[in-house]
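Engineer: The UniProt record's numbering applies: residue 1 is where the sequence shown begins, and numbers increase by one. Quick reminder that beta carbons are idealized off the backbone N, C-alpha and C, glycines included. It should be emphasised that the depicted structure is a prediction, and the values quoted were computed from it without experimental measurement.
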Amino acid sequence: MDVALPDSQVRRARILELDKEIGLLRQRLEQLQDERTVLLDSLSFPILTLPTEITAEIFAWTLPRTPRDPRSSDAPLLLTRICQQWRNIALSIPQLWTTVSFPADEIAARSPARDYLLDFWLTQSQLFGLSIHIHHLNDDRYPDDEAHESIDTCLDIILRHASRWHNASFKLLFQCLGKLQDIRPDGDFPLLQHLVIGVDSSSDEYDGPDVLTFTSAQQLQSVEMLIGYASLSTVALPYLQLTRITCRSVTVQELCTVLCRSPNLVDGVFVLCAGGDLNHASPPPQLCLKALALRAGDTAGPHLIRALGSLTLPVLETLEISDFDDHGLLAVHSFLQRSSCKIHTFSYSTRGTAPHDEQHFFDCLAQMPLLWTLRVHHQSATPCTTLILRLGADLDLVPDLRILSVSCRTRPVGEFPFDGVVDMLALRSNSNRHTRLDRFELFVPGSAGMLERSQINELVQAGMHICLGEGHPPWVTSPE
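1) Starting from threonine 385, trace the alpha helix (DSSP H) in both directions and tell me its first and last residue.
2) Name the two residues that bound the continuous beta strand (DSSP E) containing isoleucine 134.
3) For histidine 280, report the span of its beta strand (DSSP E) as first-last.
4) Identify, in the order they occur along the chain, each residue of the same chain with its Cβ nearer than 6 Å to the Cβ of isoleucine 157, setting aside the five sequence neighbours on each side.
5) Would you mind reading off the limits of the beta strand (DSSP E) that contains aspartate 323?
6) When we look at the beta-carbon of proline 284 and count the other beta-carbons within 10 Å, is it buried (16 or more) or exposed?
7) I need the straight-line Cα distance from threonine 55 to isoleucine 89, nearest angstrom please.
8) Is the beta carbon of glutamate 320 within less than 6 Å of some heavy atom of the ligand NAP?
9) Starting from the Cα of asparagine 167, find the closest Cα among Leu389, Val223, His378 and give me that residue.
10) Just checking my contact of alanine 296 with glutamate 320 at CB under 8 Å: how many whole Å lie between their CB atoms?
11) What's the gap between the Cα of cysteine 247 and the Cα of threonine 37?
12) Tell me whether glycine 198 sits in a helix, a strand or coil according to DSSP, three-state version.
13) Which of helix, strand or coil does DSSP assign to histidine 360?
14) Proline 165 by DSSP, collapsed to three states: which one?
15) Skipping 5 residues on each side, what residues in its chain have a beta carbon closer than 7 Å to that of histidine 465?
16) According to DSSP, simplified to helix, strand and coil, what is cysteine 83?
17) With burial defined as no fewer than 16 other Cβ atoms inside 10 Å of the residue's Cβ, what is the status of isoleucine 82: buried or exposed?
18) According to DSSP, simplified to helix, strand and coil, what is cysteine 288?
19) DSSP state of methionine 424, grouped into three classes?
20) Let me make sure I understand the geometry here. Which of Arg375, Arg164, Glu358 has the alpha-carbon closest to that of glutamine 193?
21) For leucine 313, which of Val406, Gly268, Leu365 has the nearest alpha-carbon?
22) Is alanine 381 buried or exposed, if buried means 16 or more other CB atoms sit within 10 Å of its CB?
23) Based on the DSSP output, what are the partners of alanine 296 in its beta bridges?
24) I need the DSSP call for alanine 366, collapsed to helix, strand or coil.
25) Within its chain, find whatever has a CB closer than 6 Å to the CB of leucine 389; leave out the 5 residues flanking it on each side and keep chain order.
26) Only counting the same chain, and skipping five residues up and downstream in sequence, which positions put a Cβ closer than 7 Å to that of tryptophan 97?
27) Whole angstroms are fine: how far does the CA of lysine 290 sit from the CA of leucine 365?
28) Any idea what DSSP makes of alanine 60, helix, strand or coil?
29) How many Å lie between threonine 350 and glutamine 337 at the Cα?
30) Enumerate in chain order the residues of its own chain whose CB-to-CB distance from arginine 244 is below 6 Å, with the five nearest sequence positions on each side excluded.
31) In the DSSP assignment, find the alpha helix (DSSP H) that holds phenylalanine 120 and state where it starts and stops.
32) To which residues of the same chain is serine 72 closer than 8 Å at the C-beta, ignoring the five residues directly before and after it?
33) Count the other CB atoms within 10 Å of the CB of serine 339; is the residue buried (16 or more) or exposed (fewer)?
34) List the whole-angstrom C-beta distance separating histidine 133 from cysteine 176, where the pair is believed to meet the contact cut-off of C-beta under 8 Å.
35) Under a Cβ-count criterion, where at least 16 other Cβ atoms within 10 Å of its own Cβ denotes burial, should lysine 171 be classed as buried or exposed?
36) What span of residues does the beta strand (DSSP E) with phenylalanine 335 cover, start to end?
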């Protein structure tokens, strides 16, 4: 016989059933709302519907083109703050975390948060090669002890990943740079391909190892030595495998030593300084060196002439000579004759006030019949005027010229011969010529009005790229 339940129990049972149904309906409502949100986002933000692989490729293009310090307003940190989906994608792509840079104003002060971020950043890169840029020289805002401790902490974190360095740039106090040897005394950096070493020793004496060793970096090919005060003996390099090298403040003797040790060098940039043994041995002919830039530091003009007299470069194609004394053009001519090289690009700049030796300069150009690109910068406008008029009068001088850049630092005395410029451009761009002048740059005070000339507009419409300005072209270093 059934026993009737009290009315209160029936109602409580019914409430439980209703709660269960309401819970199921709420769950279903949440599912419907989530589905609605996804559909709505797909219409409002179609990028959210892309496959993860494509989104990752897009993220890669958002990275800064030049290395910079980690900022929340830049990728990849910015990508982690947009939405949960983007955060998950950004954290799952190790390639986004392979480049890190700290400038001087960030690395000198103690910062546990920065140290944590640096460690997190490098860990996120997993096993991929790293590009590391740590720059700090003297900074009076921070005590030396605090700055050294802060830099050492950063280097400790970075050196844990030294086996993955691909590009490494260090501009540090020498006593901080010595930590590289404290951690890896054998100099073994298996993935390192590009190295920048910059040193400032103006505060304290260096008391670390005598030599920073990178001789076991088996893939190292490109080195920039921005040491400034020290000889090249401070850093041991695998010269035999190097293809590119930049050296600041080297003597002619050190230049010759580097070339003797680097038979496979393809590209070299050297800023010369005084000093060294005047009776040094000249290097043998360099059979791989295709690009050379020689720049004279303060009072180093005569040493640049001596350097040219020591070199024989038969395969050289690109030659840059900067901050040169015009009286040294005879040395350039002798170098070209001795090397019998086929120069395609020649850049020549001088800050001196010595009279321009026009004939020696044109004799140098005559030694470069295959020249494609000519860049000339002078203190005075007179040599620039002479060059332009000569190129218009003698079309057999550098007949294959395609790019011409001419600049001077001072305003011309009298009127600049703009008519002669137009005539030269018209002759050099004639369609009947085997090689036409494609690009012309003129950086002369007062040249902006030349754009108003109808002949210039006609040349531009015919396809010539013409750039007129009054500042320094990008290939000329502004005065200190």
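Structural biologist: According to the data block:
1) Its alpha helix (DSSP H) spans residues 382-393.
2) In the DSSP assignment, isoleucine 134 falls within the unbroken beta strand (DSSP E) covering 130-135.
3) Looking at the DSSP string, histidine 280 is not in any beta strand (DSSP E), and its letter there is neither H nor E.
4) Leaving aside the five residues that flank isoleucine 157 on each side, the residues in its chain whose CB is nearer than 6 Å to its CB run, in chain order, Leu118, Asp119.
5) Unbroken run through aspartate 323: none, as it is neither H nor E.
6) That one is exposed.
7) Inter-residue distance for threonine 55 and isoleucine 89 is about 8 Å (C-alpha atoms, whole angstroms).
8) Although the ligand NAP was asked about, the structure shown includes no ligands whatsoever.
9) Nearest C-alpha to asparagine 167 among Leu389, Val223, His378: Val223.
10) Contact doesn't hold; Cβ gap of about 12 Å is too wide.
11) Across the structure, cysteine 247 and threonine 37 are spaced so that their CA atoms are roughly 59 Å apart.
12) Here glycine 198 sits in strand by DSSP.
13) Looking at histidine 360 - three-state DSSP - the assignment turns out to be helix.
14) Note on residue identity: the sequence assigns tryptophan, not proline, to residue 165. Here tryptophan 165 sits in strand by DSSP.
15) Around histidine 465: Asp438, Arg439.
16) Residue state, collapsed to three classes: coil.
17) The residue is exposed, with fewer than 16 neighbouring Cβ atoms inside 10 Å.
18) Three-state DSSP puts cysteine 288 in coil, outside helix and strand.
19) Here DSSP, grouped into helix, strand and coil, assigns methionine 424 to helix.
20) Checking every option, the nearest Cα to that of glutamine 193 belongs to Arg164.
21) Looking from the CA of leucine 313, the closest CA among Val406, Gly268, Leu365 belongs to Gly268.
22) Buried.
23) Bridge partners of alanine 296: Leu272.
24) Assigned with DSSP and collapsed to three states, alanine 366 falls in helix.
25) Within the same chain, leucine 389 has close Cβ partners Gly420.
26) Around tryptophan 97: Pro76, Trp121, Gln124, Ser125.
27) In this structure, the alpha-carbon of leucine 365 lies about 18 Å from that of lysine 290.
28) Here alanine 60 sits in helix by DSSP.
29) In a straight line, the C-alpha of threonine 350 is about 22 Å away from that of glutamine 337.
30) Once the five neighbours on either side are set aside, the close Cβ partners of arginine 244 are Ser222, Asp267.
31) Segment 112-124, the alpha helix (DSSP H) holding phenylalanine 120.
32) With a pLDDT of only 49 at serine 72, under 50, the local geometry of the prediction cannot be trusted, and no value is derived from it.
33) The residue in question, serine 339, is buried, as its Cβ has 16 or more Cβ neighbours within 10 Å.
34) The beta-carbon separation of histidine 133 and cysteine 176, rounded to 15 Å, does not stay under the 8 Å limit for a contact.
35) Under this definition lysine 171 is a buried residue.
36) Phenylalanine 335: not part of any beta strand (DSSP E); member of the alpha helix (DSSP H) spanning 329-339, first to last residue.
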